[in-house]
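Sequence positions in the sequence shown follow numbering that gives the first Met the number 0 and run 0 to 395.
Written below as structure tokens is the structure these notes are about.
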Amino acid sequence: MHILQISNKAPYPPNDGSSIAVYNMAKGFIDNGVELHLLTVNTKKHFKDDELVPEEFKKQSNYVSVYRDTDVKPIGALLNLFSSQSFFVSRFLFKEFEEAVIKKLQENAFDIIHIEGLFMAPYMSLIKKHSKAKITLRAHNVEHLIWDRLIKNEKSTLKKWYLSLQNKRLKKLELAILDQVDGIVPITSYDMHLMKGLGLKKKYCVSPTGILLNRYKVDKSNIRSNTFFHLASMDWMPNIEAVDWFLDEVWGPYLKNEKVEFKLAGRFMPDKYIEFAEGNLEVQGAIDNNIDFYNQHEVMIVPLQSGSGMRIKIVEGLALGKVIISTSIGAEGIQVKHGENILIADSPKEFADAIKLLINNKELKEKISHNARKFIEEKFDNTKLIAELIAFYKTL
């Protein structure tokens, strides 16, 4: 099978949820014998040097990246008011990438054009002009629902109005794309049910992001007891909302004086959190090696209040045998079980009580840690998951 994989974010190194999702998909295709071509936008904000991409992966994936500054600029946001396109999406439409798409399609005959996420879907009309391949959308999220949840919590009237306008346009695009592609690949069953509610009638295959198991070695030799952490890229609004909720509603009222160590880490860390750090609350920015960081800390927290799709950081944490406390929204689509391989807590008091429950409770932590890794081994082997997706693609 010949597949062109198109992404709006360079996948290597795979150091955040979306790049892990794209990279692992590519590796799964390659490991299952697909002749793959991977074409990606390499943005200024998430720039990744092509020279750091392993030569073997470049060769196996016929890797091509196209640079673009997609940063939100006030003038661009203002001018977009006179357009019918959502500014969330239009930033990724540009001539150089169009030319790269056309070149790939003219030089190769593909069976499947696999589009990673809604933001690259507007290239569909261009693709259809130059290829007879089946087009599929890998839906990382139900995008407009993420913004619905965020807009409800927005306090600025002007910002709320602007975001609502953009999200109305985004929803219109999302509904149109669901009807235009040949197949849909939701990451979770939960998202699949949401799409059916929106009128999805196309063929679909639920395909969660798998784990390259050999990359995730559980190592407890350097772990520090009663260390709690949150690791996430802090340029995504739901992550900021989650940390604000945790610090304001959980940490301050319930945990500030407990004998625990809490660390907040991740790329694009806002100054307001760095200034907030004190006592047993430590804040740092980007982590050099995520896996080493996981293996040094005992309990992972995921206090998400909004979002869609699958939190890949949770899947990584489970693979490394982390004890995880998450909201129901954070754990959506992963099919974990409260008290068995994760702890679910939604209110501030529930979250604080879950943390207190784990302090010095070695037996419970060992049980959840063991079951977490076992769950990933049984459900999230990347090669097997992509083999199932390829079988679906053959039906198209």
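Yeah, the Cβ is synthetic: ideal placement off N, Cα and C, and Gly gets one too.
For clarity, every value in this text was computed on a predicted model and none was experimentally measured.
Distance from the CA atom of asparagine 225 to the CA atom of glutamate 349, rounded to whole angstroms, is 18 angstroms. Beta-bridge annotation (DSSP): proline 185 is paired with Ala138. The region 364 to 382 makes contact with the region 313 to 329, as at least three CB pairs between them are under 8 angstroms. By the Cβ criterion, the region 202 to 210 is in contact with the region 13 to 30, since at least three pairs of Cβ atoms, one from each stretch, lie closer than 8 angstroms. DSSP, read as helix, strand or coil, puts glutamine 165 in helix. With respect to the 8 angstroms criterion, proline 121 and leucine 92 are classified as neighbours on the basis of their beta carbons.
Exposed is the label assigned to tryptophan 160, since fewer than 16 other Cβ atoms lie within 10 Å of its Cβ.
CA-to-CA, the gap between alanine 108 and proline 53 works out to about 26 angstroms.
The beta carbon of asparagine 279 sits closer than 6 angstroms to the beta carbons of Glu260 from its chain, once the five residues preceding and following it are set aside; these are given in chain order.
DSSP lists no bridge partner for glutamine 105. By the neighbour-count criterion, in which 16 or more other beta carbons inside 10 Å mark a residue as buried, glutamate 55 falls on the exposed side. With a minimum length of 3 residues, the unbroken runs of beta strand (DSSP E) contained wholly in the region 33 to 103 fall at 34 to 42, 63 to 67.
Between the alpha carbons of glutamate 106 and glutamine 334 lies a distance of about 42 angstroms. DSSP places phenylalanine 391 within a helical segment (H, G or I) once states are collapsed to three. If you draw a straight line from the Cα of proline 252 to the Cα of glutamate 274, it is about 19 angstroms long. The distance from the Cβ of threonine 382 to that of asparagine 61 is about 20 angstroms, inconsistent with a contact at the 8 angstroms cut-off. As a beta-bridge residue in DSSP terms, glutamine 4 pairs with Leu37, His113. Between isoleucine 183 and leucine 174 the beta-carbon gap is near 12 angstroms, outside 8 angstroms, which marks them as no contact. Rounded to the nearest whole angstrom, the C-alpha separation of aspartate 181 and phenylalanine 245 is 41 angstroms.
The beta carbons of phenylalanine 228 and histidine 139 sit about 24 angstroms from each other, so the pair does not count as a contact at 8 angstroms. For a cut-off of 8 angstroms, the C-beta gap from valine 242 to leucine 263 is around 7 angstroms, short enough to register as a contact.
Between isoleucine 186 and methionine 299 the beta-carbon gap is near 20 angstroms, outside 8 angstroms, which marks them as no contact. Under the three-state reduction of DSSP, isoleucine 375 is assigned to helix. Burial check for serine 130: the Cβ neighbour count within 10 Å reaches 16 or more, so the residue is buried. DSSP places lysine 348 inside the alpha helix (DSSP H), whose first and last residues are 347 to 357. In the DSSP assignment, the residues bridged to tyrosine 203 are Ile183.
In the structure shown, the three-state DSSP call for isoleucine 313 is helix. Straight through space, the alpha carbons of leucine 230 and aspartate 270 are spaced by roughly 16 angstroms.
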